[in-house]
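What follows is a short report on a single structure.
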Amino acid sequence: MAGSERLSVLLPTYNERDNLPLVVWLLVRTFTDSGIDFEIIIIDDGSPDGTQEVAQQLEKIYGSDKIVISLGISVFQLFLFPSGTAYIHGMKYATGNFIVIMDADLSHHVSCILFFLITPIVYRKQKEGNFDIVSGTRYKGNGGVYGWDLKRKLISRGANFLTQVLLRPGASDLTGSFRLYRKEVLQKLMEQCVSKGYVFQMEMIVRARQLGFTIGEVPISFVDRVYGESKLGGNEIVSFLKGLLTLFATT
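Residues in the sequence shown are numbered from 42 upward in steps of one, following the numbering used here.
Here it is in structure tokens:
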């Protein structure tokens, strides 16, 4: 990377004390080996399992210039609206000119073993096409999903099919949460987006298309979380459907 460029990773957490040390270690190793200037912004406030204490230990290990702990978001907001609210809060601390958003549950892998290569791959993709956004996709090329039961796969495929038919977004995976943005693009999109939770990711791509931003895609293998439980439930599915219909009616 050029000396003036920096990556800020926004890492929302809720009850991720077991996953957080490993995902941070993998990211630090990736960036260090690739010569990438970076910071990791851990967005957590009061996870009852002690995630925040783990984050503080990681800050001591790697340094406050590399590990930034974002506090102040309420537990209620972070649990119910894990995407939009957390990213908006984390952006206040970001100093990089490229922003990576991803999950802290070790679900974003490239063929599992090559997980630590994923961010350089996405960054190179951005450079190849000078894209405003680069999104990991489970539904293109050799991308895929591993560790999910049939029910969850059907829900994911069905949700993606509906979004493609109703919104015609120009991207193959709207609900994924591994993406790289130019900082100014992410800021602009956050000003436009009104959705929260899982619908937030979908609206970001739809609004990006409306505003004329360019989107590149990189196939990824999504692997179910290593520790902890998924936060996807019936309420989130209902919220997704309501959000999809709202976007269809307003975009």
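Heads up, the beta-carbon is just placed ideally off N, CA and C, and yes, glycines get one too.
Taking all protein chains shown into account, decide if residue i is buried (16 or more other Cβ within 10 angstroms of its Cβ) or exposed.
| i | result |
| --- | --- |
| L61 | buried |
| F139 | buried |
| F202 | exposed |
| S293 | Residue 293 lies beyond the stretch modelled for the chain, which goes from 42 to 292, so this question has no answer here. |
| A290 | exposed |
| V64 | buried |
| K237 | buried |
| T92 | buried |
| V279 | exposed |
| V226 | buried |
| V175 | buried |
Is residue i near residue j, with beta carbons less than 9 Å apart?
| i | j | result |
| --- | --- | --- |
| R47 | G137 | yes |
| I256 | F172 | yes |
| G177 | I82 | no |
| T287 | R248 | no |
| K168 | V259 | no |
| M132 | Q205 | no |
| K194 | V240 | no |
| A96 | D106 | no |
| D146 | E57 | yes |
| V163 | L221 | yes |
| F281 | A200 | yes |
| D144 | G184 | no |
| Q233 | L208 | no |
Rounded to whole angstroms, what's the CA-CA distance from residue i to residue j? Just pull it up for me.
| i | j | result |
| --- | --- | --- |
| G211 | K192 | 26 Å |
| M243 | T54 | 20 Å |
| Y180 | V186 | 9 Å |
| I196 | A135 | 34 Å |
| Q118 | T126 | For Q118, the pLDDT reaches just 49, beneath the cut-off of 50, and the residue's location in the model is therefore unreliable, although a value from the coordinates is still provided. Computed Cα separation, rounded: 7 Å. |
| K224 | V141 | 9 Å |
| L51 | M245 | 16 Å |
| S45 | V109 | 20 Å |
| T73 | S88 | 29 Å |
| T216 | N276 | 16 Å |
| G104 | Q98 | 10 Å |
| S75 | W66 | 14 Å |
Mapping the DSSP letters down to three states, classify residue i as helix, strand or coil.
| i | result |
| --- | --- |
| L227 | helix |
| T71 | helix |
| L203 | helix |
| Y134 | coil |
| R220 | strand |
| T57 | With the sequence shown as reference, residue 57 is identified as Glu, and Thr is not the correct amino acid for it. E57 falls in the coil class under three-state DSSP. |
| Y180 | coil |
| L286 | helix |
| E46 | coil |
| P123 | Any reading at P123 is ruled out, since the residue's pLDDT is 45, under 50, leaving its predicted position unreliable. |
| F172 | coil |
| V141 | strand |
| V109 | strand |
| I83 | strand |
If I'm right that residue i touches residue j with Cβ under 8 Å, what's the distance once you round it to whole angstroms?
| i | j | result |
| --- | --- | --- |
| S111 | E80 | Not quite, the Cβ-Cβ distance comes to about 11 Å (not below 8 Å), so this is no contact. |
| M231 | I129 | 6 Å |
Counting only C-beta atoms, is residue i closer than 9 Å to chain D at any point?
| i | result |
| --- | --- |
| R209 | Absent from the structure is chain D; it holds one protein chain and no more. |
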